[in-house]
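**Student:**
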Amino acid sequence: MIFKATQLSSGRWGIFNGNRLLATVGSQQALNLMRIQLPGELVFVETQQASVS
């Protein structure tokens, strides 16, 4: 399963499975730790900033 990490308009990072937001992460450091735990499964994408309501 592939998860995508996108920076949100709030400055936090969103972890998505397709269009579904699974979690938000507050810092780049926390996101890097997730990347270590999920090698090959967490993909960073450059897109327009998404917003969370």
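The opening position of the sequence shown corresponds to residue 132 in this note's numbering, with each subsequent residue numbered one higher. We treat Cβ as the ideally placed atom computed from N, Cα and C, and that holds for glycine.
Measure the C-alpha to C-alpha separation of M132 and E172 and round it to an integer number of angstroms.
**Tutor:** One C-alpha to the other measures close to 6 Å.
**Student:** In whole angstroms, what is the alpha-carbon distance linking W144 and L169?
**Tutor:** 16 Å
**Student:** Locate the alpha helix (DSSP H) running through N148, then write down its first and last residues.
**Tutor:** Looking at the DSSP string, N148 is not in any alpha helix (DSSP H); the run it does join, the beta strand (DSSP E), is W144 to N148.
**Student:** Using 8 Å as the threshold, is the C-beta distance between I146 and A161 below it?
**Tutor:** Result no, Cβ atoms of I146 and A161 do not sit closer than 8 Å.
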